[in-house]
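Following: one structure in structure tokens, then a few remarks.
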Amino acid sequence: MNKKITIAIDGYSSTGKSTIAKQLAHQLGYVYVDSGAMYRAMTLFSMQHGYISSNHFDVVSLINNLDNAHLEFIYNHSLGFGEMYLNKVNVEKTIRTLEVSNYVSKVSATPEVRKKLVTIQKEMGKHKAVVMDGRDIGTVVFTDAELKIFMTSTAETRAQRRFDELIQKGEQVSYKDVYTNVVERDSLDTTRKDSPLVKADDAIEIDNSHLTKEKQFEIILKLVEEKLRDV
Ligand code: DC
2 MNKKITIAID GYSSTGKSTI AKQLAHQLGY VYVDSGAMYR AMTLFSMQHG
52 YISSNHFDVV SLINNLDNAH LEFIYNHSLG FGEMYLNKVN VEKTIRTLEV
102 SNYVSKVSAT PEVRKKLVTI QKEMGKHKAV VMDGRDIGTV VFTDAELKIF
152 MTSTAETRAQ RRFDELIQKG EQVSYKDVYT NVVERDSLDT TRKDSPLVKA
202 DDAIEIDNSH LTKEKQFEII LKLVEEKLRD V
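To convert, count from 1 in the sequence shown and add 1; that's our numbering.
Here you go:
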């Protein structure tokens, strides 16, 4: 397949966006970009420097020091995708903890942070052949993406998936805490002023609460093939 398109996958947290995006990128030979990892890395940066903690958020210091956070994805051949590096350190594991998840919505609601990351994301997608997942990919980052998918599923299904994932990674968490985080992030992500999570008018909604991963992949791959025929 020589034709290259841009695929934007948006949706609520823990809808399995990254799994499907990675699979698609692999199948098509495209680059996969996990934009959430970038917001998570900025959150870790804020934690490392004491800009955010359980009872305070020094947004001014974060904004003044944005240039000190260097983010890059470095391809890991054995995993088959790029891992997130913050100031030359692989932070792929650290950014997935519940602690980072608990602060990430605040950091990602900061317009200056969004501006920095959206600029990098646009640059990464300028040659197309990219699958990017996040919250504002179809509405802000790649408004002209040929294919936009909006993934949903119930909060209970998503919390259970996230809980299973964290337990498997050895994190000591309760289902209740994970559920609370999922619901709170839904609320913060959809109500923030700058680029709230919203389905783009031209996005195709897929509710995967009752879909197997295989069925979901089959549906989305069919959509990709239709788009590739059209362009
Ligand atoms: O996809 P994720 O759950 O790893 O994303 C973490 C957080 O980052 C999510 O709660 C909202 C934010 N985010 C965002 O605001 N915009 C994006 N494009 C991606 C993620």
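Even glycine gets a Cβ: it sits at the ideal position worked out from N, Cα and C.
Distance between residue j and residue i (C-alpha atoms, nearest Å)
i, j, result
"I168", "V174", "7 Å"
"E93", "V232", "35 Å"
"K4", "T213", "29 Å"
"A38", "M85", "7 Å"
"S188", "A204", "21 Å"
"N103", "S54", "10 Å"
"T191", "A146", "21 Å"
"D178", "R163", "11 Å"
"E226", "H128", "19 Å"
"K89", "N66", "17 Å"
"T120", "A70", "14 Å"
"D202", "L229", "20 Å"
"V101", "V141", "24 Å"
"E172", "I6", "38 Å"
Own chain, CB closer than 7 Å to residue i, minus 5 neighbours either side, in chain order
i, result
"D35", "S19 and D134"
"D195", "A110, P112 and R115"
"A42", "L72, M85, L87, V92 and I96"
Proximal residues to residue i (C-beta, below 8 Å), its chain only, five neighbours per side dropped
i, result
"E157", "Y180"
"I221", "I21, L25, I150 and I207"
DSSP three-state assignment for residue i, whether helix, strand or coil
i, result
"I150", "strand"
"G37", "helix"
"G30", "coil"
"V141", "helix"
"I121", "helix"
"E226", "helix"
"T181", "helix"
"A22", "helix"
"E206", "strand"
"T158", "helix"
Closer than 7 Å: residue i CB and nearest the ligand DC heavy atom
i, result
"Y233", "In this structure the chain extends from 2 to 232, so residue 233 is not present and cannot be described."
"D190", "yes"
"V105", "yes"
"I53", "no"
"I138", "yes"
"G135", "yes"
"R162", "no"
"G37", "yes"
Cβ-heavy atom distance, residue i to the ligand GDP, below 7 Å
i, result
"S47", "This structure lacks the ligand GDP; its bound ligands are the ligand DC."
Min CB distance residue i to chain D below 8 Å
i, result
"I21", "Looking for chain D here will not work: only one protein chain is present."
Neighbourhood of residue i by C-beta, 6 Å cutoff - its chain only, sequence neighbours within 5 removed
i, result
"Y76", "G83"
"P197", "T191"
TODO: Any chance you could list the beta strand (DSSP E) runs of at least 3 consecutive residues sitting entirely within the stretch 40 to 117, in chain order?
DONE: 72 to 77 and 82 to 87
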